[in-house]
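Colleague: So the protein sequences, as listed, match chains A and B.
The working numbering puts the first residue of the first sequence at 1, with every later residue one more than the last.
The working numbering puts the first residue of the second sequence at 1001, with every later residue one more than the last.
Even glycine gets a Cβ: it sits at the ideal position worked out from N, Cα and C.
For clarity, every value in this text was computed on a predicted model and none was experimentally measured.
Number of protein chains: 2
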Amino acid sequence: MKAPHPWPTEDDLGLLVDLYELSMLQGYWAAGMEGQATFSLYFRKLPAGRRFMLACGQQHAAHLVTRLRFPEAALEKIARLGGFRDEFLRWLGDFRFSGDIVALPEGTPVFPEEPLLEVSAPIAEAQLLETLLMNLVHLETVLASKAIRMVLAARGRPVVDFGMRRMHGIDAAVRGVRAYRTAGISGTSHVLAGLHFGLPVSGTMAHSYIQAFDDEAEAFRRYAELYPGTTLLVDTYDTLAAVDKVIALRHELGDAFRIGAVRLDSGDMAALARAARARLDAAGLADVKIFASGGLDEHGIAALLAAGAPIDAFGVGTSLGTSADAPYLDLVYKMTAFAGQPRLKNSPGKAVWPGAKQVFRHTDEAGRYVRDEVTLRSEHRDAEGLLVPVVAAGEPLDVPTLDLDAAAAHAADAVARLPESLRALDDTAAGYPVSISPALRAERERALERIAPH
Amino acid sequence: MKAPHPWPTEDDLGLLVDLYELSMLQGYWAAGMEGQATFSLYFRKLPAGRRFMLACGQQHAAHLVTRLRFPEAALEKIARLGGFRDEFLRWLGDFRFSGDIVALPEGTPVFPEEPLLEVSAPIAEAQLLETLLMNLVHLETVLASKAIRMVLAARGRPVVDFGMRRMHGIDAAVRGVRAYRTAGISGTSHVLAGLHFGLPVSGTMAHSYIQAFDDEAEAFRRYAELYPGTTLLVDTYDTLAAVDKVIALRHELGDAFRIGAVRLDSGDMAALARAARARLDAAGLADVKIFASGGLDEHGIAALLAAGAPIDAFGVGTSLGTSADAPYLDLVYKMTAFAGQPRLKNSPGKAVWPGAKQVFRHTDEAGRYVRDEVTLRSEHRDAEGLLVPVVAAGEPLDVPTLDLDAAAAHAADAVARLPESLRALDDTAAGYPVSISPALRAERERALERIAPH
């Protein structure tokens, strides 16, 4: 068979599921099981080398799933799968999510065992959302968590996303930019995503542009004429010789040759940056900045700055776009209560905390985060409860951090309040303390006793 | 700002670019540079632990880019970026790709230095496609290359994709299934993608379904009643106790309780599979298969089979869906010729082979692949030339492996013809020999002499 290129739309939301969700849905429908369930979205352990994750996408995802419907075309496709009764499909045609969702604000540092999001709804509805919610939140959380490392490594210098070409498909390349913006990335080369999410779109030139001219200086001159203040790529043939050409052009053409930066993309970046800086400064071009790219990750950025390389901004691609060292997070979506009872899977070594929960983040007198506590939702503490209502009775609520500027501000503030050692790139720091409240522990014991006879 | 959920469509193809492609495009337009260029899509080295990649997506991508246009809405967005002249935007409104593309058949094993695809077109057109082509081909090649490892490890047993939840976004979860189908994966849990690409959609049940019933056996009975021949998940509380419940239900209900398999999802899988098999066989349920899932990768599959675990089929998720050990490929898109001249970037240690090329795959008398040779496109050999025309003068050509069955058949045949050692999961084998033809080497020398004076 030949299949046309797939461009999913909102009408496909109900098909962006694993088959078992539809099968279980019919199972609950057939058995008349309409009890309320709570499902919790969380992870059990951090990827190696990480000390926190930056939760991202959970509020947007919660709003999106309220739009999940099964239009006629979707029902016809489900019918083709076999195993689904006409009456069930008619019921599915009327489906809409009627439950409640709480979630962390976009850009919140999060630790193992802490829910990023909890859904409370009739069991069939809550179950149906499993794979879609996980896919949406997993991507943005993984990418935001990598991005914040780049931002921290660059110590205030701009970091620009160049990663679209090797990101995992178009949706990742688009929504990744939302995660980057939340994490404090300064710009993106990706036109559609930058415009969509209001992140400045920037870019320079490829080596091919230089190669297309017989003379490198001619390529520079024409580009600067067309794009005053642009960045010129100087490593196509000989980096420092190219810097000399830039200087000569500036001396020859004066203000008719205005450039903002030169971009280094290969070679010994620290040495080249120092030499380029010296030549530019000596020629009176102290205003021309040095931009570095080419296989950089957070460790590369940190090493260059530690070596005193005079680099003003960084472009990062593959390592950011694929979160290459930690391309996935152990994110799960587990039922924790049903029909008024806590429910747990009995997995050795994999604690599941029952019921609807809250996360309290305790601070010291300076506002710094010192410890978290996961509690029953009904508990109260003299601290900030992180999980906030995002959807009530199926209706999306207006939440501050759905605004991308607010999310980025929240992330920057929250990360700055973490213990200093957690913001380091190495993973030698002790983990951030997260405790489970006595009441939640007791609830778990009660739930385990309940399943013990089986 | 709040941005609605992005659902890119075909109308956005011209915005799925890095800004520099549009900037260079205007540069070529402004300079009146209309010469023909050739760009080559290839990778320089294999990811650690791999001995070949399975090229996937390149023919579909070539066809898709012929549909790239700039509708009015896209032009308005580009105008918002600033820096683009009205006259250029009008020219862009008439853009359509007019060049030629050759590509490897879908599902072809490919090695470093071998083009997966080459574009020959006016330089502006060829340059514009860079990021979109790379994104499309990179994803499917990375995922197909991981998938074939799962398929080889399972030695003929079905492998089913369960990975949507942790794949990088929706597009990856959709198009990944095309790559999986090409690589020989037997089924997917993902409803939309399975239906779209004709891969059987399958699924079982989640632990939450079992937990929602007071009694595990009751959950089993109801599911089997609704879905005769289904697979039952047996590890929610105690795997072997659950297997005993399955046996008891079969004895009690007879043919009214028909199940196809039990699914193990945690614990010591080899020991549990052996014990479950023994109990099922002793009870006369030799027809009930054993399905294993839960954190498996190709090494886990191989280890289970090496240990003699009586497992009939495997479900794989995250490790497949993110290609966790090798989440990216060093794929590049480089200009190799312009205006009748070979063009190269002068990168120490990064050989670029100039001009339009061909890849010949030499076989022995039994049809086994023994070595490849990368040549100038104009050379001839008594061997199969792998790169075939896919787009001519901007028009998509009908190519056999655009049919997914044909692609899967081609991949299975080609992988079977590789040297035995390349199909092993370990990476101790010598690499597959790829040579560069003397004429291509001479062309490179000529190109390097040409840039030497700079």
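#1: So B:G1203 packs on B:G1321, CB below 8 Å; how close in whole Å?
#2: Where in the stretch 1266 to 1348 of chain B do unbroken runs of the beta strand (DSSP E), each at least 3 residues long, occur, reported from the N-terminal end onward?
#3: Measuring straight from C-alpha to C-alpha, what distance separates A:F88 and B:M1205?
#4: Just how far apart, CA to CA, sit A:T401 and B:F1257?
#5: If you reduce the DSSP assignment to three classes, tell me which class B:H1454 lands in.
#6: Considering only DSSP beta bridges, list what B:A1261 is partnered with.
#7: Distance cutoff 8 Å, beta carbons only. Does B:Q1059 sit that close to anything in chain A?
#8: Does the beta carbon of B:D1171 sit closer than 8 Å to a beta carbon anywhere in chain A?
#9: Could you have a look at B:A1154 and say whether DSSP puts it in helix, strand or coil?
#10: Please look up how many angstroms separate the CB atoms of A:G93 and A:A121, rounded, as I've assumed it's under 8 Å.
#11: Based on DSSP bridge pairs, tell me the residues matched to B:V1434.
#12: Exposed or buried, which one is B:S1378 when buried takes at least 16 other CB atoms within 10 Å?
#13: Could you name the residues that DSSP lists as bridge partners for A:S145?
#14: Would you mind listing the beta strand (DSSP E) stretches within the stretch 24 to 86 of chain A that are 3+ residues and don't spill past its ends, in chain order?
#15: Residues in its own chain within less than 8 Å of A:G340 by CB, not counting five upstream and five downstream?
#16: Name the chain A residues that come within less than 7 Å of B:I1123, Cβ to Cβ?
#17: Who are the near neighbours of A:W7 in its chain, counting only those whose CB is closer than 8 Å to its CB and skipping five residues on each side?
#18: Quick check: is the beta carbon of B:F1257 nearer than 8 Å to any beta carbon in chain A?
#19: Could you tell me which chain A residues have their CB closer than 7 Å to the CB of B:L1192, listed as they occur along the chain?
#20: Around the C-beta of A:A408, are 16 or more other C-beta atoms found within 10 angstroms, so that it is buried, or is it exposed?
#21: So, is the C-beta of B:P1327 closer than 8 Å to a C-beta in chain A?
#22: What are the boundary residues of the alpha helix (DSSP H) that B:V1481 is part of?
#23: Name, please, each residue of chain A whose Cβ falls closer than 9 Å to the Cβ of B:Q1026.
#24: From what residue to what residue does the beta strand (DSSP E) around B:F1360 run?
#25: Would you say B:H1454 lies against chain A (beta-carbon separation less than 8 Å)?
#26: Determine whether the beta carbon atoms of A:P327 and B:A1324 lie at a separation below 8 Å.
#27: Determine the direct distance from the alpha carbon of B:L1133 to that of B:L1117, and round the result to whole angstroms.
#28: Would you check if the distance between the CB atom of B:P1457 and the CB atom of B:V1415 is smaller than 8 Å?
#29: Would you please state the rounded distance, in angstroms, between the beta carbons of A:H410 and A:P105? I believe it to be under 8 Å.
#30: How big is the Cα-Cα spacing for B:I1311 and B:E1216?
#31: Would you say A:F52 faces chain B, with C-beta separation under 8 Å as the test?
#32: So is A:L192 buried or exposed if we call it buried at 16+ other beta carbons inside 10 Å?
#33: Strictly below 7 Å CB to CB, what residues from chain B border A:K345?
#34: For A:H299, which residues from the same chain have a beta carbon less than 8 Å from its beta carbon, with the 5 sequence-adjacent residues on both sides left out?
#35: Along chain B, in chain order, which residues have C-beta atoms closer than 7 Å to that of A:K461?
#36: Can you check whether the CB of B:V1332 is closer than 8 Å to the CB of B:F1111?
Modeller: Let me spell this out:
#1: The residue you call residue 1203 of chain B lines up with position 203 of the second sequence. The residue you call residue 1321 of chain B lines up with position 321 of the second sequence. That belief does not hold up - the Cβ atoms of B:G1203 and B:G1321 are roughly 15 Å apart, past 8 Å.
#2: Entirely contained in the stretch 1266 to 1348 of chain B, the beta strand (DSSP E) runs reaching 3 residues are, in chain order, 1289 to 1292, 1313 to 1316, 1331 to 1338.
#3: Locating residue 88 of chain A in the first sequence gives position 88, counting from the first residue. Locating residue 1205 of chain B in the second sequence gives position 205, counting from the first residue. Looking at the two C-alpha atoms, the distance is approximately 18 Å.
#4: Along the first sequence, read from residue 1 onward, the residue named residue 401 of chain A stands at position 401. Along the second sequence, read from residue 1 onward, the residue named residue 1257 of chain B stands at position 257. One alpha carbon belongs to A:T401, the other to B:F1257, and they sit about 51 Å apart.
#5: For the purposes of this step, residue 1454 of chain B is identified with residue 454 of the second sequence, where counting begins at 1. Reliability of the predicted coordinates at B:H1454 is poor, the pLDDT of 46 falling under 50, and the value obtained from them is presented with this limitation in mind. Residue state, collapsed to three classes: coil.
#6: As a first step, residue 1261 of chain B must be located in the second sequence, where it is residue number 261. Per DSSP, B:T1231, B:K1289.
#7: For this step, residue 1059 of chain B is matched to residue 59 along the second sequence. Not an interface residue.
#8: Locating residue 1171 of chain B in the second sequence gives position 171, where the first residue counts as 1. With its beta carbon less than 8 Å from one in chain A, B:D1171 belongs to the interface.
#9: Here residue 1154 of chain B refers to the residue found at position 154 when the second sequence is read from its first residue. Looking at B:A1154 - three-state DSSP - the assignment turns out to be coil, as it is neither helix nor strand.
#10: Here residue 93 of chain A corresponds to residue number 93 of the first sequence, with the count starting at 1. Here residue 121 of chain A corresponds to residue number 121 of the first sequence, with the count starting at 1. In this structure A:G93 is not in contact with A:A121, their Cβ atoms being roughly 19 Å apart against a cut-off of 8 Å.
#11: As a position in the second sequence, residue 1434 of chain B is number 434, starting the count at 1. Beta-bridge pairing links B:V1434 to B:D1372.
#12: By one-based count along the second sequence, residue 1378 of chain B stands at place 378. Result: exposed.
#13: Residue mapping note: residue 145 of chain A aligns to position 145 of the first sequence, counting from 1. In the DSSP assignment, A:S145 is bridged to no other residue.
#14: Within the stretch 24 to 86 of chain A, the complete beta strand (DSSP E) runs of at least 3 residues are 36 to 43, 53 to 55.
#15: Residue numbering aside, residue 340 of chain A sits at position 340 when the first sequence is read from its first letter. If you ignore the 5 residues before and after A:G340, its C-beta comes within less than 8 Å of the C-beta of G35, Q36, all in its own chain and listed in chain order.
#16: Taking the first residue of the second sequence as position 1, residue 1123 of chain B is located at position 123. The answer, in chain order, is A212.
#17: Looking up residue 7 of chain A in the first sequence gives position 7. Nothing meets the Cβ criterion.
#18: For the purposes of this step, residue 1257 of chain B is taken as the residue at position 257 of the second sequence. Contact of B:F1257 with chain A is not assigned, every C-beta pair being separated by 8 Å or more.
#19: For the purposes of this step, residue 1192 of chain B is taken as residue 192 along the second sequence, with counting starting at 1. Ordered by position in chain A, the residues that pass the 7 Å Cβ test against B:L1192 are P8, D12, L15, L16.
#20: Start at 1 with the first residue of the first sequence, and residue 408 of chain A comes out as number 408. Sixteen is the threshold: when 16 or more other Cβ atoms of the shown chains lie within 10 Å of the Cβ of A:A408, as they do, the residue is buried.
#21: Translated into the one-based positions of the second sequence, residue 1327 of chain B becomes position 327. B:P1327 counts as touching chain A.
#22: This structure does not reach residue 1481 of chain B, given that chain B is present from 1001 up to 1454, and the question cannot be answered.
#23: As a first step, residue 1026 of chain B must be located in the second sequence, where it is residue number 26. Neighbours of B:Q1026 on chain A, chain order: L226, Y227.
#24: The residue labelled residue 1360 of chain B in the question sits at position 360 within the second sequence. In this chain, the beta strand (DSSP E) harbouring B:F1360 covers 1357 to 1363.
#25: Along the second sequence, read from residue 1 onward, the residue named residue 1454 of chain B stands at position 454. Since pLDDT at B:H1454 reaches only 46, below the 50 mark, its modelled position is unreliable, and the value read off the structure follows with that caveat. With 8 Å as the cut-off, B:H1454 counts as an interface residue toward chain A.
#26: Locating residue 327 of chain A in the first sequence gives position 327, where the first residue counts as 1. Locating residue 1324 of chain B in the second sequence gives position 324, where the first residue counts as 1. The criterion of a C-beta distance shorter than 8 Å is satisfied by A:P327 and B:A1324.
#27: Along the second sequence, one-based indexing puts residue 1117 of chain B at 117. Along the second sequence, one-based indexing puts residue 1133 of chain B at 133. Computed Cα separation, rounded: 9 Å.
#28: The question about residue 1457 of chain B has no answer, for chain B in this structure spans 1001 to 1454.
#29: Residue mapping note: residue 410 of chain A aligns to position 410 of the first sequence, counting from 1. Residue mapping note: residue 105 of chain A aligns to position 105 of the first sequence, counting from 1. Their Cβ separation, rounded to whole angstroms, is 5 Å, which keeps A:H410 and A:P105 in contact under 8 Å.
#30: Residue numbering aside, residue 1311 of chain B sits at position 311 when the second sequence is read from its first letter. Residue numbering aside, residue 1216 of chain B sits at position 216 when the second sequence is read from its first letter. Straight-line measurement puts the Cα of B:E1216 at about 23 Å from the Cα of B:I1311.
#31: In the first sequence, the residue the question calls residue 52 of chain A occupies position 52. Closer than 8 Å: no.
#32: Residue 192 of chain A sits at position 192 when you count from the first residue of the first sequence. Per the 10 Å Cβ criterion, buried.
#33: Against the first sequence, residue 345 of chain A aligns to sequence position 345. Among the residues of chain B, those whose CB is under 7 Å from the CB of A:K345 are H1207, Q1211, T1236, following chain order.
#34: As a working mapping, residue 299 of chain A is identified with position 299 in the first sequence. Around A:H299: A153, L425.
#35: In this structure chain A extends from 1 to 454, so residue 461 of chain A is not present and cannot be described.
#36: Within the second sequence, residue 1111 of chain B is the residue found at index 111, counting from 1. Within the second sequence, residue 1332 of chain B is the residue found at index 332, counting from 1. Taking C-beta atoms as the reference points, B:F1111 and B:V1332 fail to come closer than 8 Å.
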